[in-house]
Every structure is written in C-alpha cells, then in structure tokens.
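Heads up, the thing below is written out as structure tokens.
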Amino acid sequence: MLEEIRSYLMERIYNKYESGLQCEDAIYLRIRRKIEAAKLGAKFYIVKLAVGNKFQVSHGENVFIVSLVNKCCSCREWDLSGIPCSHALTNIHFMKHNPVDYVDPYYSKIQYLVIYQNALEPLNGLEMWPEVDGLAILPPQHKNMPGRQKRNRKKDASEDPKNDKMSRKGMEMHCQHCMQLGHNKRACPVLDQPPAEKPAKGYKGRPRKYPTSSSKTRKKKVENQDAEPIETSIQQIETTLNQQDTRKQNAANLRMVRKGFGVFVSKANGIIYGRMIGQTSINILHGQSSIAATARESVIMQQNLSLL
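Heads up: the sequence shown is residues 1 to 308, going by UniProt numbering.
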C-alpha cells in the first residue's frame, strides 16, 4: 500500500508541475477563475472616493471600506485569502488597475513552480533492492490470550443494537431457591436452608373474558384426575383396550354373518346373530326364547324352499 501511495504522489507532482509550465498567465488558472467570478457581483456596487486612496463601497444597506494601499477590506475576505474580493475589484476597475498586481505573490506562477519542482524520485522494484546485513525484520508474534476467544467485535456505544435479539438490560434477577428478587441462586443468602415452594403455574394461553361451561368442566376434570390414584388410570386403560377388542370382534362376526343365512353364535363373546332369507339386515338375538323363535323361523323357511 505504501508503494502505491508513493507512486501516486510521484505522478501527481509531475502533472502539477507540467500544468504550471503550460500556464501563460502570471497567476494560476484556479485563481484567475475566482477573480472572474467575483467580477460578476462587483458591477452592482456603488463606489465613493475618500482622501488617502480609500474607497467606500455600498450595495443596498451594506457599506464597506476598501484600501488599495494596504490591500485590505472591511469584509476581511481579502485579508484572509490574499485574493481581492468583489468590493476591492470594484475599486481596482474604477482606478483602471490590473487585478493581478493586488494578488498575493503566493499565487503567482513562479511560486507555484517552486513548490512542485522537488518531485519524488522513481525507485526499482523489490527484486532490485540491495541486501543488508543484520537481523531480518519480522512482524510481532501473535500471542493467544487466556480464555474463550471472542468472535464478534466490540461495538461502539453509539451503534444501534440488533433488533432480532432482546436485551437483558433492565431485567431484575429472580432467585430460584428462595423465590425473591434482587439476586440469583449463586448469591442467595439462605442457600443453606431448604428451598421455598415454587408458585403454581397458571393456565397457558390467552385468558377468556367470560368463563364458559366447558372451561368449568375442564377445571373439574383436572382436579378429579389429580385426586385419583394411579390404579384408577390403569383400570381405565384396560377397559379401553377391552372395548377396542370387542369392537374388532363384532366387526368380524358381522362379516361372517353376511356370508349366509340363519343363526350364528360367536365363540369369542357368545353373542347370537340372526339373518333370515331375503333380509339384508342382521338381528342380534339375546335369551333362549329369542333363539328358539329364530330357529323355528329358519326351519320353516328351509321347508318352503324345499317345496319349491
């Protein structure tokens, strides 16, 4: 990077020096442009002469005093820059003088060439540099500091924090041992005592404006479930499984009955099914009288079929 800066300065100084040689004016081109721009406002000023080669320049309510001998103006612009201001240019043209004679010598062409004549010399590349005796200059060794290395840089106080993360600034610590505010569990003063009871957690979700019957029954069910022993829950599970097995067996029995007509007795659960000829529905029979009536009707139907 330093080599690039040196090359840039060497070329810049050369360009400035060449532009100064090509300038035909007694002052530099940039100063000439400032004088021409100040002349545009000078034509509206009113000049009044005074004794001692002094002038009074007025423009509306603004009045300034100009002295060509001392090269100064009451507006202080000529004193600070060394270039005649618009008030001074009005008097210079009134006296038919050359404005270049009132410009500071610092802005002359001769002084400009003196500044840029001391240019930077060109240098050879790194391969052509002479070798010197002595220790080689190396960068300082990197030393790993103790502790976990930080990946993120330290931000300035004026930088805005990230919006996707919530800051913990202003949060009050809550002790999980004594349930008090102002400290955490590590700095708890009563750590040797048994821990305090934690408050019950409330119902999660948005609170309802008006309690409904479903919410009341839900609360009662939760209270009853907490009061029941573990054995009750095991019995409920067994009952549910038995009901599922019964449903599966009934479905299998109905599929068997639909294949024919007559009376079908399930060996698994003892349920009696009946289906007459010409009927699409299946009747579930219970008791001895129901079995006898169904059997009698089945025999009569078979006899009628044999006569046909």
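All C-beta atoms in this analysis are idealised placements derived from N, C-alpha and C, irrespective of residue type, glycine included.
Open item on the list: My assumption, with CB atoms under 8 Å, is that F64 sits in contact with C72. Please give the rounded CB distance.
Closed with: Not a contact, Cβ separation roughly 11 Å.
TODO: Compute the Euclidean distance between the alpha carbons of N84 and S19, then round it to the nearest angstrom.
DONE: The amino acid occupying residue 84 in the given sequence is Pro; Asn does not appear at that position. For P84 and S19, the distance between alpha carbons rounds to 24 Å.
- [ ] Counting only the same chain and skipping the five closest in sequence on each side, list residues whose C-beta sits under 8 Å from that of H97.
- [x] L68
Open item on the list: So, with DSSP's three-state summary, where would you put F44?
Closed with: coil
Task: 8 Å Cβ cutoff, Y116 in contact with chain B - done: Looking for chain B here will not work: only one protein chain is present.
TODO: Under 7 Å Cβ to Cβ from H28, same chain only, skipping five residues before and after it: list those, please.
DONE: The sequence shown places Tyr at residue 28, not His. Result list for Y28: Y107, K109, Y112, in chain order.
Task: F44, buried or exposed, once every other Cβ within 10 Å from all chains shown has been counted against 16 - done: exposed
Task: Stretch-stretch touch, CB-based, cutoff 8 Å, three pairs: the segment 116 to 130 with the segment 2 to 12 - done: yes
TODO: Determine contact between the segment 86 to 96 and the segment 45 to 56, defined as no fewer than three beta-carbon pairs at a distance below 8 Å.
DONE: A contact exists between the segment 86 to 96 and the segment 45 to 56.
Task: Three CB pairs or more closer than 8 Å across the segment 130 to 147 and the segment 48 to 63 - done: With a cut-off of 8 Å, the segment 48 to 63 and the segment 130 to 147 do not count as touching, because too few Cβ pairs lie within range.
Open item on the list: Determine whether the beta carbon atoms of G82 and D104 lie at a separation below 8 Å.
Closed with: yes
Task: Cβ neighbour criterion (16 or more within 10 Å) applied to A252 - done: exposed
- [ ] Grab me the residues of S86's own chain with a C-beta within less than 6 Å of its C-beta, minus the 5 sequence neighbours each way, in chain order.
- [x] A38, G41, A42
Task: Continuous beta strand (DSSP E) stretch holding S67: start and end - done: 62 to 67
TODO: Please report how far the alpha carbon of I35 lies from the alpha carbon of P99, in whole angstroms.
DONE: 8 Å
- [ ] Locate the alpha helix (DSSP H) running through V114, then write down its first and last residues.
- [x] From DSSP, the alpha helix (DSSP H) with V114 extends over 109 to 115.
- [ ] Pull up the CB-CB distance for R32 and D25, whole angstroms please, since I reckon it's below 8 Å.
- [x] 6 Å
Open item on the list: Quick check: what's the CA-CA separation for D193 versus L181?
Closed with: Residue 193 is actually Gln in this sequence, not Asp. When rounded, the distance between both Cα atoms is 17 Å.
Task: Rounded Cβ spacing between K16 and Y116 (contact assumed at less than 8 Å) - done: Contact holds; Cβ gap of about 5 Å.
Task: Straight-line gap, N242 to K248 (C-alpha atoms, nearest Å) - done: In a straight line, the C-alpha of N242 is about 10 Å away from that of K248.
Task: Buried or exposed (CB count within 10 angstroms, at least 16 for buried), W129 - done: Answer is exposed; the Cβ neighbour count stays below 16.
Task: For A50, the three-state DSSP class (helix, strand or coil) - done: strand
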